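A.B. asks: Here the sequence shown stands for residues 4 to 453, numbered as in my numbering. Yeah, the Cβ is synthetic: ideal placement off N, Cα and C, and Gly gets one too. Since this is a predicted model, take the numbers as computed values, not measurements.
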Amino acid sequence: MFKKSSGHSANREPELIVGLDLGTSKVTVVVAEREHHGDEAQIIGVGQAPSNGIRKGLIVNLDQAVRSVRQAVGDAQNMVGQDISEVTVAFGGGDVTSIRSTGMVSLGRSPRQVMQLDIERVIEAAQADVVIPANQTILHTIPVEYSLDGNVGIDDPLGMTGMRLDIQLQSVIVPTATIQNVLNCVKKAGLDVAGIVIKPLASALGALSPEEALAGGVVLDIGGGTTGIAVFSDGRPKYLGLVSIGGDHITNDVGSVLKLPLNKAEEIKKEVSVFAGVEDENETIDFAYNGRNFSISKYDLHEIVKCRIEELCDVLVRPEIKAAGISMLPAGIVVTGGVSKTEGIDAFLLDLMDLPARISAPVDANRMPPGRNTQEYTAASGIIRYVLEKERDPFRYLENPQVIDMKDREPHTLVPPLEKTPVKDGKEPPKERPGFNPFKSIGDVFKDLF
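1) Between the C-alpha atoms of Val21 and Thr287, what's the straight-line distance to the nearest angstrom?
2) Thinking just about the alpha-carbon of each residue, which of Asn255, Arg370, Ile176, Ala93 is nearest to the one in Gln130?
3) Counting beta carbon pairs with one atom in the segment 217-233 and one in the segment 196-207, are three or more of them shorter than 8 Å?
4) Counting Cβ pairs, one atom from each stretch, are 3 or more of them under 8 Å apart for the segment 207-224 and the segment 376-391?
5) Using only CA atoms, which one of Ala216, Gln51, Thr345, Met163 lies nearest to Pro114?
6) Using a threshold of 8 Å, state whether the C-beta atoms of Val277 and Lys309 are closer than that.
7) Would you decide whether Asp317 is buried or exposed? Buried here means 16 or more other CB atoms lie within 10 Å of its CB.
8) My output table needs one value for Arg375: the three-state DSSP class, helix, strand or coil.
9) For Gly106, which residues does DSSP report across the bridge?
10) Could you compute how far the alpha carbon of Thr100 sits from the alpha carbon of Glu284?
11) Could you check what DSSP says for Phe297 in three-state terms: helix, strand or coil?
12) Quick one: using the 10 Å Cβ neighbour count with 16 as the cut-off for buried, is Gly219 buried or exposed?
13) Cutting at 6 Å between CB atoms, please list the residues of its own chain near Gln74, excluding the five before and the five after it.
14) Here's a check: name, in chain order, each residue in its chain whose Cβ is nearer than 8 Å to the Cβ of Gly106, leaving out the five neighbours to either side.
15) How would you label Arg388, buried or exposed, when you count the other beta carbons within 10 angstroms and need 16 or more for buried?
16) If you run the structure through DSSP and keep just helix, strand and coil, what is Lys273?
17) Please go through the same chain and pick out, in chain order, the residues whose beta-carbon is closer than 7 Å to the beta-carbon of Glu313, but skip the five residues on each side of it.
18) For Phe94, which beta-bridge partners are listed by DSSP?
19) According to DSSP, is Asp237 helix, strand or coil?
20) What does DSSP give as the partner residues of Arg58 in its beta bridges?
21) Among Ala192, Lys59, Leu186, Glu16, which has the Cα closest to the Cα of Lys29?
22) Just grab the DSSP bridge partners of Ala35 for me.
23) Run through DSSP, which three-state label would Phe290 get?
24) For the alpha helix (DSSP H) containing Gly385, list its first residue and its last residue.
25) Buried or exposed: where does Met331 fall if 16 or more other Cβ atoms within 10 Å of its Cβ makes it buried?
26) Please identify the residue among Ile248, Val246, Leu304 whose C-alpha is closest to the C-alpha of Gly258.
27) Out of Gly26, Ile87, Gly97, point me to the one whose CA is closest to Ala68's CA.
28) May I ask which residues mark the beginning and end of the alpha helix (DSSP H) holding Gly1?
29) Pick from Gly96, Glu270, Asn81, Arg37: whose alpha carbon is nearest that of Asp24?
30) Short of 6 Å in beta carbon distance, which residues of its chain neighbour Val342, apart from the five on each side in sequence? Order them along the chain.
31) Mind checking whether Gly50 and Val32 have CB atoms under 8 Å apart?
32) Who are the Cβ neighbours of Val418 in its own chain at under 8 Å, not counting the five residues just before and after it?
33) Given a cut-off of 8 Å, decide if Ser236 and Ile157 are closer than it, judged by their beta-carbon atoms.
34) Using 10 angstroms around the beta-carbon of Asn369, count the other beta-carbons present and answer buried if the total reaches 16, otherwise exposed.
35) Where does Thr229 fall in DSSP's three states?
36) Do you know how far the Cα of Pro240 is from the Cα of Lys191?
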């Protein structure tokens, strides 16, 4: 997917697409290069820095978080030899709510082709039923499925013929303050925000193959402080969720129960195989640390890690998957994020969740720098895929332009002007209505908030 497009003028300088992943453990910057407005891009560098000032995906110390962003950007700039000024940001903190709504519009008394205006109308109709809680904001509006004259499973109705257009729409709602803090952090680091994406979506795009996304599967991004859940079917996200439990929860338990410092607890928990268990319950791990001798039961360590992962998946993740309403998931569970490196976690999840399970590094790992292409970098690589998919289909992932307004600048969109939409299947695109704002029907709510 990430290849340079060769159909553009050699006189133009290549463009950069930059993703910024604000993680609990690390801040990652991924840089991709493409020919001017090309359809494909090549990842050319990945920068990183320890994540300070971020806990459970939330910014808790703005100045520390800003320093971490600057360090990661500096690392990426040194790698690619170019300055970075604008980023698309992925974040994964705070309460995330996915709300499904439906809308319908009539195309007339006799069949005719669906125009872009009709798609805009049906999206607005579905948005009319979305109730936004106080102090929260719609971050994404995602068309889940179209139907035309009762025929479901329509991926793109533009240019098709019918009399009635229906839509299922997913609205991703997050706390307003969470977004504001993310934007303030990026702005204070000296960067412009081209777009913002919820991290479970970025992780899914980075981890799932096209075949898995079509068949139906669940992506679990188990990171340092949070776990993102994305349920895909028919190539589209049917549900996005987030729970504030991650690898640090396991580390804290290991340190507390075994009376270990957290940095040492983090180190030894990585020696656990959660599926294989411990054959000899008397076997120990012996080591010296800060002048003290420790003797840790391997069995106790195994049980702590196993119980916490079981609690995460069985008690917290399973209800999120159920909320998606997808009964068939042939692709099973795709696990990514730092905790997915735990030995045996795929077999453990297969046994626990009764679904196929595999560990996933980024789909485009072979095009990323060695050492920075493992599971921890899946979300960062997924940001590039998100930008490219959003450009190809302006209605696939609709961002709220008023989110970007929160940082006192004009809304910026990476979507090319709609009048430049390429010809599809030999048909000229219908005339567009300029200035379409899919969030216009709820604009008054944001005016009151800001």
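C.D. replies: Reading off the structure:
1) 46 Å
2) A check of alpha carbon separations from Gln130 across Asn255, Arg370, Ile176, Ala93 identifies Ile176 as the nearest.
3) yes
4) yes
5) Met163
6) yes
7) exposed
8) coil
9) Ile170
10) 43 Å
11) Strand, per DSSP.
12) buried
13) Result list for Gln74: Ala52, in chain order.
14) Closer than 8 Å at Cβ, skipping near neighbours: Val125, Ile126, Glu127, Ala128, Ala129, Gln130, Ala131, Asp132, Asp169, Ile170, Leu172.
15) buried
16) coil
17) Leu355
18) Leu25, Ile201
19) coil
20) Leu61
21) Lys59
22) Beta-bridge partners assigned by DSSP to Ala35: Ile20, Ile46.
23) strand
24) 381-395
25) exposed
26) Leu304
27) Gly26
28) Since the first residue shown for the chain is 4 and the last is 453, residue 1 is missing from the structure and cannot be characterised.
29) Gly96
30) Ile225, Gly250
31) yes
32) Its pLDDT being 31, under 50, Val418 is placed unreliably by the model, and the measurement read from it follows with that caveat. Once the five neighbours on either side are set aside, the close Cβ partners of Val418 are Lys393, Glu394, Pro397.
33) Their beta carbons are not under 8 Å apart, which means Ile157 does not touch Ser236 by this criterion.
34) By the 16-neighbour rule on beta-carbons within 10 angstroms, Asn369 is exposed.
35) coil
36) 32 Å
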